[in-house]
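Under this note's numbering, the letters of the sequence shown match residues 534 to 948, in that order. Yeah, the Cβ is synthetic: ideal placement off N, Cα and C, and Gly gets one too. In what follows, a single structure is set out as structure tokens and then discussed.
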Amino acid sequence: MTARSTGVSDEELPVFPFPDTSYRGPDPLFTRLREERPVVRVRWNGGGHAWIVTRHADVRQVLDDTRFSRAASYAPDAPKFSGLFQAPPGMIVSLDPPDHTRLRVLAEQAFSPARIEGMRPRVREMAGRLLDALEKEPDGTPVDLVEGFAAPLAMGVICELLGVPEEDRGQFLVWVRQFADVSGPEELAVEGREKLGAYIAGLVGGKQAAPADDVLSALITARNGEDRLDFGELVGLGYTLLGGGFDSAAGQISNFALTLLDRHQDLWRRLGEHPEEVPAAVEELLRTVNLTGNDTSGMPRIATEDVEIGGATIPAGDAVFLSFASANRDAAVFADPETVDFGRADNPHLAFGHGIHHCLGAPLARVELAVALEELTRRFPDARLAVPEGELLWRAGDVNHNLVSLPVHLRRSTA
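This is how it looks when you write it as structure tokens:
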């Protein structure tokens, strides 16, 4: 069976990534693709082709199917895509079973529910300290929720996990942004990756000699019988925690605040009065606020044999991308999917993936996002955007939809 020829034609498809993606949602073309060509082969900007999977059930099917390999995307003859951030090989997100299974079993020991929940007071303390500083600004003076709150909170949390001293965190931020910029000079990305790697290697060595009460130390001491994580695996997990724990969290804290302040001011005030409703609001924002810059997970999988899915046959050797953003708007799963419904009872979104590669840090991300919204809405019920949403600037070339800044009046000026 070949790809469906009805509906959206190849001539109608722009090169991928599609141009009209934003934090508000994926390119509207995905709505038609889900209905007419749910698994579609597209031309990649810069050369080559890939398959895009758009429906919720099909995305889950690929994630559960071992014939779609992450590790194979690193083979010398695998399709390559310009402008795409690829995690270094050997990291947990880059592996298939049984290698992935082994790392996952060991890594999960450091992310026990008790440990993650135990971080909530510390996350709240960091958030409070940052908001205390912003509150000292003169009434009526805009503050930047990106550089003044979201970025330092996310960096503070991940550095607590890794045991990074406070005096090193500013430099850490510079290296991370170099590493994540897929449009800048390649030598800068390489420099950022190498400096991060050298720093994390030093952290691992220090924790091996003198373990502390942090997740990196817990990873070092994790055991499965006689098995343990070796030095290189510990450095790779440090990279994984840093990339997923900082960039994604910082981006979503800012994007959630923007979404509420721009289009749901009533809910912003309500959450401040009813913090018990924050967890459900976080889940709906995870479903509807589009983090990824190209509307997919950004991580290609390679079909290791011909596989039929969604009415198309994907040939062995072809690359497949999964659009979580599109799947999260699938009308077969979500009633009135384009509507932001903070009372949605059933919300099986795929913001953290599914199956063996379900995000290891999802419980911590939920704690961090919930605390950020609770503290912002409780302390500043009358906050408002300081500039129109259309005038905000976004970081060009980042993997995710990340704001350059988010100017906000924390309280209405009485002037």
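- For W584, the enclosing beta strand (DSSP E) starts and ends at H582 to V586.
- The beta carbons of L686 and M659 sit about 6 Å from each other, so the pair counts as a contact at 8 Å.
- DSSP, reduced to helix, strand and coil, places V638 within a helical segment of the structure shown.
- Separation of the CB atoms of F875 and L800 is rounded to 6 Å, and the pair is thereby assigned contact status at 8 Å.
- Residues A620, P621, M624, L729, G730 and I733 of the same chain have their beta carbon placed closer than 8 Å to that of Y772, with the five preceding and five following residues left out of the count.
- In this model, Q741 and I753 are separated by some 7 Å (Cα to Cα).
- For T825, there is no enclosing alpha helix (DSSP H), since its DSSP letter is neither H nor E.
- DSSP lists no bridge partner for V904.
- Take the alpha-carbon of W708 and the one of N933: they are about 16 Å apart.
- Unbroken alpha helix (DSSP H) runs of no fewer than 4 residues, entirely contained in the segment 763-800, are found at 764-775 and 782-796, following chain order.
- Around the beta carbon of H891, fewer than 16 other beta carbons sit within 10 angstroms, so the residue counts as exposed.
- Cβ-Cβ distances below 6 Å link G558 to N823 in the same chain, with the five nearest sequence neighbours on each side left out; the list follows chain order.
- Per the coordinates, the alpha-carbon of V873 lies some 10 Å from the alpha-carbon of R796.
- Here the C-alpha atom of R820 lies approximately 15 Å from the C-alpha atom of A590.
- The beta-carbon distance between A643 and A755, rounded to whole angstroms, is 6 Å. This is short enough to meet the 8 Å contact definition.
- In the three-state DSSP reduction, H942 falls in the strand class (E or B).
- Around the beta carbon of D672, fewer than 16 other beta carbons lie within 10 angstroms, which makes this residue exposed.
- In summary, E907 is buried, with 16 or more beta-carbon neighbours lying within 10 Å of its beta-carbon over all protein chains present.
- Beta-bridge partners assigned by DSSP to R574: W584.
- Around the beta-carbon of G886, 16 or more other beta-carbon atoms lie within 10 Å, marking it buried.
- When DSSP states are grouped into helix, strand and coil, F601 belongs to the strand group.
- Rounded to the nearest angstrom, the Cβ distance from V690 to E901 is 6 Å, consistent with a contact under 8 Å.
- The DSSP-derived three-state label of T846 is strand.
- One Cα belongs to Q798, the other to F913, and the distance between them is close to 12 Å.
- When the five nearest sequence neighbours on each side are left out, the beta carbons in the same chain lying within less than 7 Å of the beta carbon of F789 are those of L818, V822, L902 and L906, in order along the chain.
- Using a C-beta cut-off of 8 Å, the segment 601-608 makes contact with the segment 626-646, since at least three inter-stretch Cβ pairs fall below that distance.
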